[in-house]
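Asks:
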Amino acid sequence: MTATMLDCCAIAAALCATFMAGSRHLKRNILFYTLQTILLAFATAIRGSLQSEEQLYLIAIAIALLKAISIPLFLRWIVRKLCIYSDPGIMIAPPLVMHLSLILFACSYFEIASIGHSKGSSMAASASASLLLTGLLLMLTRRTALSQIIGFLVIENGIYLFAMTQTTGMPLIVEMGILLDVLAGVMIAGLVAFRIQKSFEHIDVTQLAELKDE
Amino acid sequence: MISLVISWLNFFLAILLLPPLILSLIRKTKARLQNRVGPSWFQPIYDWSKLCRKDETLSSTLTWIFRGSAALNFILVLLLALFLPWISFKPSFTGDDIFLAIYVLALARFFSLLASLDSGSAFGGFAASREATLSLLVEPAFMLALVALGINARSSSLSAIFSYSTDANNQVVCFLAGTGILLSSLVELSRMPIDDPTTHLELTMVHEAMILEASGRNLLLVEVSYALKMTVLLGLSAQCFIHALQANIVCPKLLLVILSYLGILGLAALVGLIEGLTVKLHWRKDPEFIAYALTMSLLACFISIGQGATFK
Numbered sequence: 000m001t002a003t004m005l006d007c008c009a010i011a012a013a014l015c016a017t018f019m020a021g022s023r024h025l026k027r028n029i030l031f032y033t034l035q036t037i038l039l040a041f042a043t044a045i046r047g048s049l050q051s052e053e054q055l056y057l058i059a060i061a062i063a064l065l066k067a068i069s070i071p072l073f074l075r076w077i078v079r080k081l082c083i084y085s086d087p088g089i090m091i092a093p094p095l096v097m098h099l100s101l102i103l104f105a106c107s108y109f110e111i112a113s114i115g116h117s118k119g120s121s122m123a124a125s126a127s128a129s130l131l132l133t134g135l136l137l138m139l140t141r142r143t144a145l146s147q148i149i150g151f152l153v154i155e156n157g158i159y160l161f162a163m164t165q166t167t168g169m170p171l172i173v174e175m176g177i178l179l180d181v182l183a184g185v186m187i188a189g190l191v192a193f194r195i196q197k198s199f200e201h202i203d204v205t206q207l208a209e210l211k212d213e
Numbered sequence: 000m001i002s003l004v005i006s007w008l009n010f011f012l013a014i015l016l017l018p019p020l021i022l023s024l025i026r027k028t029k030a031r032l033q034n035r036v037g038p039s040w041f042q043p044i045y046d047w048s049k050l051c052r053k054d055e056t057l058s059s060t061l062t063w064i065f066r067g068s069a070a071l072n073f074i075l076v077l078l079l080a081l082f083l084p085w086i087s088f089k090p091s092f093t094g095d096d097i098f099l100a101i102y103v104l105a106l107a108r109f110f111s112l113l114a115s116l117d118s119g120s121a122f123g124g125f126a127a128s129r130e131a132t133l134s135l136l137v138e139p140a141f142m143l144a145l146v147a148l149g150i151n152a153r154s155s156s157l158s159a160i161f162s163y164s165t166d167a168n169n170q171v172v173c174f175l176a177g178t179g180i181l182l183s184s185l186v187e188l189s190r191m192p193i194d195d196p197t198t199h200l201e202l203t204m205v206h207e208a209m210i211l212e213a214s215g216r217n218l219l220l221v222e223v224s225y226a227l228k229m230t231v232l233l234g235l236s237a238q239c240f241i242h243a244l245q246a247n248i249v250c251p252k253l254l255l256v257i258l259s260y261l262g263i264l265g266l267a268a269l270v271g272l273i274e275g276l277t278v279k280l281h282w283r284k285d286p287e288f289i290a291y292a293l294t295m296s297l298l299a300c301f302i303s304i305g306q307g308a309t310f311k
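Chains U and Z are the protein sequences, given in the same order.
Here the first sequence is numbered in numbering that gives the first Met the number 0, starting from 0 and rising by one per residue.
Here the second sequence is numbered in numbering that gives the first Met the number 0, starting from 0 and rising by one per residue.
1. Out of Z:Ile86, Z:Gly307, Z:Asp285, which one is the CA nearest neighbour of leucine 135 of chain Z?
2. Pull out every residue of the stretch 101–128 of chain U whose Cβ sits closer than 9 angstroms to any Cβ of chain Z, in chain order.
3. Between the stretch 4–13 of chain U and the stretch 33–47 of chain U, can you find at least three pairs of beta-carbon atoms closer than 8 angstroms?
4. I need the straight-line Cα distance from alanine 144 of chain U to methionine 175 of chain U, nearest angstrom please.
5. What's the call for glutamine 159 of chain U, buried or exposed, on a 16-neighbour Cβ count within 10 Å?
6. Between glycine 228 of chain U and chain Z, is the shortest Cβ-Cβ distance under 8 angstroms, so that the two count as touching?
7. Using a threshold of 8 angstroms, state whether the C-beta atoms of serine 296 of chain Z and leucine 143 of chain Z are closer than that.
8. I'd like the list of long-range same chain contacts for isoleucine 86 of chain Z, defined as Cβ closer than 6 angstroms, with 5 residues on each side in sequence excluded.
9. Is it buried or exposed for glutamate 53 of chain U, if we count other Cβ within 10 angstroms and need 16 for buried?
10. Does the distance from the CB of serine 58 of chain Z to the CB of leucine 113 of chain Z come in under 8 angstroms?
11. Please confirm whether tyrosine 291 of chain Z has its beta-carbon closer than 8 angstroms to some beta-carbon of chain U.
12. In its own chain, which residues sit with a C-beta less than 8 angstroms from the C-beta of lysine 311 of chain Z, not counting the 5 before and 5 after it?
13. Comparing alpha-carbon positions, which option in Z:Asn247, Z:Thr60, Z:Ala80 lies nearest leucine 15 of chain Z?
14. Report the neighbours of cysteine 7 of chain U on chain Z: residues whose CB is nearer than 8 angstroms to its CB, in chain order.
15. For the candidate residues Z:Leu20, Z:Leu77, Z:Gln306, Z:Val76, whose alpha-carbon lies nearest to that of glutamine 170 of chain Z?
16. By a C-beta neighbour count over all protein chains shown, 10 Å radius and 16 as the cutoff for buried, is valine 223 of chain Z buried or exposed?
17. At what residue ranges does the stretch 44–124 of chain U contain a whole run of the alpha helix (DSSP H), taking only runs of 4 or more?
18. Give every residue of the same chain whose Cβ lies closer than 7 angstroms to the Cβ of aspartate 6 of chain U, excluding the five residues on either side of it in the sequence, and list them in chain order.
19. Give the residues of chain U in contact with proline 286 of chain Z, contact being defined as C-beta atoms less than 7 angstroms apart.
20. Say whether chain U places a C-beta atom closer than 8 angstroms to the C-beta of glycine 307 of chain Z.
21. Quick one: list the residues of chain Z neighbouring histidine 98 of chain U, beta-carbon separation under 9 angstroms, in chain order.
22. At the 8 angstroms Cβ level, is lysine 311 of chain Z part of the contact set with chain U, yes or no?
23. Looking at the secondary structure, which residues open and close the alpha helix (DSSP H) in which valine 173 of chain U lies?
24. Determine, using beta carbons only, whether aspartate 117 of chain Z and leucine 61 of chain Z come nearer to each other than 8 angstroms.
25. Locate the alpha helix (DSSP H) running through glycine 177 of chain Z, then write down its first and last residues.
26. When you compare the CB positions of alanine 292 of chain Z and leucine 266 of chain Z, do they come within less than 8 angstroms of one another, or not?
27. Closer than 8 angstroms by C-beta to isoleucine 148 of chain U: which residues in its own chain qualify, once you throw out the five before and the five after it? Chain order, please.
28. Three-state secondary structure (DSSP) at threonine 17 of chain U?
29. Taking Cβ-Cβ distances shorter than 8 angstroms, what residues in chain U pair up with phenylalanine 98 of chain Z?
30. Taking Cβ-Cβ distances shorter than 8 angstroms, what residues in chain Z pair up with leucine 14 of chain U?
31. Identify whether isoleucine 111 of chain Z lies in helix, strand or coil by the three-state DSSP scheme.
32. Taking just the CA atoms, how far does glycine 149 of chain Z sit from phenylalanine 240 of chain Z?
33. By DSSP, does histidine 281 of chain Z sit in helix, in strand, or in coil?
34. Taking C-beta pairs closer than 9 angstroms, name the residues in chain U that phenylalanine 301 of chain Z reaches, listed in chain order.
35. Of the choices Z:Ile302, Z:Leu78, Z:Ala176, Z:Leu181, whose alpha-carbon is the least far from that of glycine 94 of chain Z?
36. Check histidine 242 of chain Z in the structure and name its three-state DSSP category.
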């Protein structure tokens, strides 16, 4: 349980996000999201043992239960219901998005180094910045509404990782509130995607920009 | 002096034994996955001795390039085996640069392309064009993986890079570079997700269609150099993983020898497992697979550059 292991968990989580950017399959994206969230829960537990704070263990368990089990299960259910298994992507092909997200990782590393050190490790900070940017990239380069939800979840993971590694940690009650908000947000977004599919027969966000008068 | 002789003897034993062993291990793994017993462990050696006894049939359009390039290919792969640190007890040379290794590999590929174009058959021609496309895509991944290791070790000499230094910063870079090398050597050797080596349809193949015109002793040379190249490339990525392991646990020399044998055999079993479990990718999906190899190598590069920046 050392700081290096925390860094390794953070880098592996960022790598999962990078692979998500490279994959067209929605189910594979959800699998990588699950893996990433489990790694974050591990990182939280390691941070808890480093700072000897018991409440971080509770948060780790809550993350594992809510974000790593129930949200992926719900998303998989939505994917099955909608019968949309892959996302063609817009503008940039997924393999190139993957390389782009790696370049963003490198950029965020040097940016974090130039901002200057807080008390947390700079490797974990750059991993969380890269999670944030990769989530943004996912939302920008994907076509289906489900990918937008997944990209939003990756951004949320990035923000959480940044807060967890760079500050002494938020109070338990705030953390739980955020987790419940995310859960409710994903549920609502998933159901809205379901409704969109029902009324428009597609969930392509590029075609949702025009208003229809029917 | 005696230790030098012993290390050379060990090295030659490894070069002689490992290539047929790896081939039969891959075949055995694949056969066991399909509930077959599989060919005997000595099957590659039987095949090679059969090829040695057979006469050679040459097409009338062939020139000396075809036969010369098979021999040249074998020599280049042997050179690669002497330079690349694919096993822990390899005797070291001066001037074993990473870029030399990359270009020797490219030169070997160039001569095999030349041989298949020289045969003048349609299969050879399109297989050569496929091989050229794949090599164009995979070369950056292989090169960047070695360069990342080079940046990490502050040297471009292979024996300095793979010198079992106990630097804790090594492990992530070594692991990522090893994965990059493993994925790109699957492409380099035209193994399963890219090319099915055991299919009977030449239209879909890359490597096997290239050597379609070779027969007899010429084919023997091609097969032996392919097996040796596979041993060396798998050994190189196994060494990367062993270095990542070694950054945490200090291993004695004998354990390193055992680990490097086990690493090569383990990776060969992994190749067999991949071949048993996956299907060949569509040709247009191949760049996506190679993109993963490039991702690993790029990440290794960025991390090693980042570590260098913080050291300054």
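C-beta: ideal position from N, C-alpha, C; glycine also.
Replies: So, to answer that:
1. Within the second sequence, numbered from 1, the residue matching residue 135 of chain Z stands at position 136. Comparing Cα-Cα distances from leucine 135 of chain Z to each of Z:Ile86, Z:Gly307, Z:Asp285, the minimum goes to Z:Asp285.
2. The stretch 101–128 of chain U vs chain Z, Cβ under 9 angstroms: Leu101, Ile102, Phe104, Ala105, Tyr108, Phe109, Ala112, Ser121, Met122, Ser125.
3. In short, these stretches touch, since the Cβ pair count reaches three.
4. In the first sequence, counting from the first residue as 1, residue 144 of chain U sits at position 145. In the first sequence, counting from the first residue as 1, residue 175 of chain U sits at position 176. About 26 angstroms.
5. Numbered from 1 along the first sequence, position 160 holds the residue referred to as residue 159 of chain U. Checking the displayed sequence, the identity of residue 159 of chain U turns out to be tyrosine instead of glutamine. Answer is buried; the Cβ neighbour count reaches 16.
6. Nothing about residue 228 of chain U can be reported from this structure: the residues present for chain U run from 0 to 213 only.
7. The residue you call residue 296 of chain Z lines up with position 297 of the second sequence. The residue you call residue 143 of chain Z lines up with position 144 of the second sequence. Contact flag set, yes.
8. To locate residue 86 of chain Z, count along the second sequence from 1; it is residue 87. Residues of the same chain with a CB within less than 6 angstroms of the CB of isoleucine 86 of chain Z, apart from the 5 flanking positions on each side, are Ala13, Gly234, Ser259 in chain order.
9. By one-based count along the first sequence, residue 53 of chain U stands at place 54. That one is exposed.
10. Along the second sequence, one-based indexing puts residue 58 of chain Z at 59. Along the second sequence, one-based indexing puts residue 113 of chain Z at 114. In this structure, the beta-carbon distance from serine 58 of chain Z to leucine 113 of chain Z does not fall below 8 angstroms.
11. On the second sequence, position 292 is the one that residue 291 of chain Z refers to. Chain U contact via Cβ: present.
12. To locate residue 311 of chain Z, count along the second sequence from 1; it is residue 312. Confidence at lysine 311 of chain Z is low in this model, with a pLDDT of 46, below 50, so the placement of that residue is unreliable and no value is reported for it.
13. On the second sequence, position 16 is the one that residue 15 of chain Z refers to. With distances taken between Cα atoms, leucine 15 of chain Z lies closest to Z:Ala80.
14. Reading the first sequence from its first residue, position 8 is the one you call residue 7 of chain U. Within chain Z, the residues near cysteine 7 of chain U are Val171.
15. Taking the first residue of the second sequence as 1, we reach residue 170 of chain Z at position 171. The shortest C-alpha separation from glutamine 170 of chain Z is found at Z:Gln306.
16. Within the second sequence, numbered from 1, the residue matching residue 223 of chain Z stands at position 224. Of the other Cβ atoms in all chains shown, 16 or more fall within 10 Å of the Cβ of valine 223 of chain Z; this residue is therefore buried.
17. Segments of the alpha helix (DSSP H) lying fully in the stretch 44–124 of chain U: 53–64, 70–81, 93–114.
18. Locating residue 6 of chain U in the first sequence gives position 7, counting from the first residue. If we look at aspartate 6 of chain U and ignore the five residues flanking it on each side, its Cβ neighbours are Ser120, Met122, Ala123.
19. Indexing the second sequence from 1 puts residue 286 of chain Z at position 287. Per Cβ cutoff of 7 angstroms: Pro94.
20. Position 308 of the second sequence holds residue 307 of chain Z. The beta carbon of glycine 307 of chain Z does not come within 8 angstroms of any beta carbon belonging to chain U, so the residue lies off that interface.
21. For the purposes of this step, residue 98 of chain U is taken as the residue at position 99 of the first sequence. Chain Z residues near histidine 98 of chain U: Ala290, Leu293, Thr294, Leu297.
22. By 1-based counting over the second sequence, the position of residue 311 of chain Z is 312. Any reading at lysine 311 of chain Z needs caution, since the residue's pLDDT is 46, under 50, leaving its predicted position unreliable; the model's value is listed next. Interface with chain U (8 angstroms Cβ-Cβ cutoff): lysine 311 of chain Z is excluded.
23. Your numbering for residue 173 of chain U matches position 174 in the first sequence. From DSSP, the alpha helix (DSSP H) with valine 173 of chain U extends over 171–199.
24. For the purposes of this step, residue 117 of chain Z is identified with residue 118 of the second sequence, where counting begins at 1. For the purposes of this step, residue 61 of chain Z is identified with residue 62 of the second sequence, where counting begins at 1. Judged by their CB atoms, aspartate 117 of chain Z and leucine 61 of chain Z are nearer to each other than the 8 angstroms cut-off.
25. Mapped onto the second sequence, residue 177 of chain Z falls at position 178. For glycine 177 of chain Z, the uninterrupted alpha helix (DSSP H) run begins and ends at 169–187, by DSSP.
26. If you number the second sequence from 1, residue 292 of chain Z lands on position 293. If you number the second sequence from 1, residue 266 of chain Z lands on position 267. It is not a contact, given that the beta carbons lie outside the stated cut-off.
27. What you label residue 148 of chain U is simply residue 149 of the first sequence in a count that begins at 1. If the five residues before and after isoleucine 148 of chain U are omitted, its C-beta is found closer than 8 angstroms to the C-beta atoms of Leu74, Val185, Ala188, Gly189, Ala192, all from its own chain and listed in chain order.
28. Within the first sequence, numbered from 1, the residue matching residue 17 of chain U stands at position 18. Note: threonine 17 of chain U maps to helix in three-state DSSP.
29. Within the second sequence, residue 98 of chain Z is the residue found at index 99, counting from 1. In chain U, no part has a C-beta under 8 angstroms from the C-beta of phenylalanine 98 of chain Z; the shortest such distance is about 23 angstroms.
30. Working through the first sequence from its first residue, we reach residue 14 of chain U at position 15. Going along chain Z in sequence order, the residues near leucine 14 of chain U (Cβ under 8 angstroms) are Leu298.
31. Along the second sequence, read from residue 1 onward, the residue named residue 111 of chain Z stands at position 112. A small fix is needed here, since residue 111 of chain Z is serine in this sequence, not isoleucine. Serine 111 of chain Z carries a helical assignment under DSSP once its states are collapsed to helix, strand and coil.
32. Numbered from its first residue, the second sequence carries residue 240 of chain Z at position 241. Numbered from its first residue, the second sequence carries residue 149 of chain Z at position 150. C-alpha of phenylalanine 240 of chain Z to C-alpha of glycine 149 of chain Z: approximately 15 angstroms in a straight line.
33. Taking the first residue of the second sequence as 1, we reach residue 281 of chain Z at position 282. DSSP places histidine 281 of chain Z in the coil class of the three-state scheme, outside both helix and strand.
34. For the purposes of this step, residue 301 of chain Z is taken as residue 302 along the second sequence, with counting starting at 1. Simply Leu101, Ile102, Phe104, Ala105, Tyr108.
35. The residue given as residue 94 of chain Z occupies position 95 in the second sequence. Ranking the options by Cα distance to glycine 94 of chain Z, first place goes to Z:Leu78.
36. Against the second sequence, residue 242 of chain Z aligns to sequence position 243. DSSP, reduced to helix, strand and coil, places histidine 242 of chain Z within a helical segment of the structure shown.
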